[in-house]
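Participant: Here it is, the structure in full.
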Amino acid sequence: MQLGQASRESEATEQSTDSPYRFALNPRPLVRDILHAGPAGAFACRGIMEDLFEFLFGASGRISRAEYWRSLVIYCVAGLFVAVILLTAAGLAAPFFIVMVVLVLIPWLMWGFAIHTERLHDRDKSAWWLVMFFLLPGALDQIAKLAWFGGAISAALHFVLALAAFALTMWGFVEIGCLRGSAGANSYGPDPLAEERRMRAAARH
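Going letter by letter, the sequence shown gives residues 1 to 205 in the numbering used here.
Written as C-alpha cells, this is what we have:
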C-alpha cells in the first residue's frame with residue numbers, strides 16, 4: 001500500500017517537472033535559443049540560478065505587447081520619482097543616499113528586469129537575451145570609446161563597434177517592443193491575448 005502510494009507520488013512529481021508550462025525564469029537558456037542544442041553540462045547550475053532570479057525579481061509567465069508598453073510607461077514615470085528621491089537623499093547625507101539606493105533604486109531596477117523578462121517570455125525567449133540586448137551594447141559602446149585614439153584603424157574600429165552596439169539595441173527594441181508574442185501556449189505559459197479574450201467573453205456573459 002505504501003509502496004503504491006510512493007510510486008504514484010513519484011509519477012506526479014515527474015509529470016509536474018515535465019509540464020510544458022514551466023514558469024521558471026529561464027527554462028531555455030540563450031545558447032539553446034540560438035543553437036537548439038549544446039553540451040548537457042553547459043548550464044549545470046542553471047536551475048538554482050533561475051529559482052534565485054525568479055524569487056528576487058518575480059519574473060514568470062508572459063505579458064503581451066500592450067501590457068508591456070503600459071507597464072513601461074508606468075515604470076518610466078516611477079523612474080522620475082526615483083530620481084527625485086535619490087537627488088534629494090544625495091543632498092542630505094551620504095548614508096541616507098545609500099539607504100535610498102537599497103530601498104528605492106534596486107527594487108525599481110528589479111521591476112524593470114521583470115517587465116522585460118516577461119515580455120521575452122511572450123516571445124518564447126529566456127531572460128538571458130537581456131544580456132544580448134542591454135549589457136552587450138553597453139559594453140561595446142564603452143570599448144568603442146576606448147578604441148577612439150586617433151588614426152584610420154582606430155576610427156574604423158570605433159565605427160564598427162558603435163554600429164554593432166546600435167544594431168543590437170535596435171534588435172532588442174523590435175524584439176521586445178514591436179513583435180507579437182508566440183501564438184498559443186509556449187514554454188512559459190498560455191497566450192496572454194487568449195486569456196484576455198476569454199476574460200472579455202466571460203464578462204459579456
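Heads up, the beta-carbon is just placed ideally off N, CA and C, and yes, glycines get one too.
I need the straight-line Cα distance from residue 68 to residue 152, nearest angstrom please.
Facilitator: Their Cα atoms are separated by approximately 43 Å.
Participant: Under a three-way DSSP split, which group does residue 189 fall into?
Facilitator: Reduced to three states, the DSSP call for residue 189 is strand.
Participant: Under 8 Å: does the beta carbon of residue 138 sit that close to some heavy atom of the ligand MN?
Facilitator: Looking at this structure, you won't find the ligand MN or any other ligand, since it has none at all.
Participant: Can you find at least 3 beta carbon pairs, one from the segment 168 to 177 and one from the segment 129 to 141, that sit closer than 8 Å?
Facilitator: With a cut-off of 8 Å, the segment 129 to 141 and the segment 168 to 177 count as touching, because enough Cβ pairs lie within range.
Participant: Going straight from the alpha carbon of residue 124 to that of residue 167, what length do you get?
Facilitator: So the two alpha carbons sit approximately 21 Å from each other.
Participant: Would you kindly work out how many angstroms separate the C-alpha atoms of residue 137 and residue 128, rounded to a whole number?
Facilitator: So the two alpha carbons sit approximately 14 Å from each other.
Participant: Got a sec? Which residues, its chain only, sit under 8 Å from residue 64 by beta carbon, not counting five neighbours each side?
Facilitator: Excluding positions up to five away in sequence, the list reads 122, 181, 192, 193 and 196.
Participant: Counting pairs of Cβ atoms below 8 Å between the segment 104 to 115 and the segment 81 to 90, do you hit three or more?
Facilitator: Yes, since at least three Cβ pairs between the segment 104 to 115 and the segment 81 to 90 fall closer than 8 Å, the two stretches touch.
Participant: Check whether the Cβ atoms of residue 189 and residue 62 lie closer than 9 Å to each other.
Facilitator: Result yes, Cβ atoms of residue 189 and residue 62 sit closer than 9 Å.
Participant: Leaving out the 5 sequence neighbours to the left and right, which residues in its chain are closer than 8 Å to residue 147 when beta-carbon positions are compared?
Facilitator: 154, 157, 158 and 161.
Participant: Check for me: the alpha helix (DSSP H) holding residue 94 runs from which residue to which?
Facilitator: It spans 94 to 100 - the alpha helix (DSSP H) in which residue 94 sits, taken as one unbroken run.
Participant: Short check: CB of residue 89 to CB of residue 99, under 9 Å?
Facilitator: It is a contact, given that the beta carbons lie within the stated cut-off.
Participant: Going by beta-carbon coordinates alone, are residue 215 and residue 119 separated by less than 9 Å?
Facilitator: This structure leaves residue 215 out entirely; the chain is present only between 1 and 205.
Participant: Considering only the alpha carbon of each residue, which of 145, 112 and 203 lies closest to residue 165?
Facilitator: With distances taken between Cα atoms, residue 165 lies closest to 145.
Participant: Sort 78, 143, 96 and 139 by Cα distance to residue 112 and report the nearest one.
Facilitator: For the residues 78, 143, 96 and 139, the minimum Cα distance to residue 112 belongs to 78.
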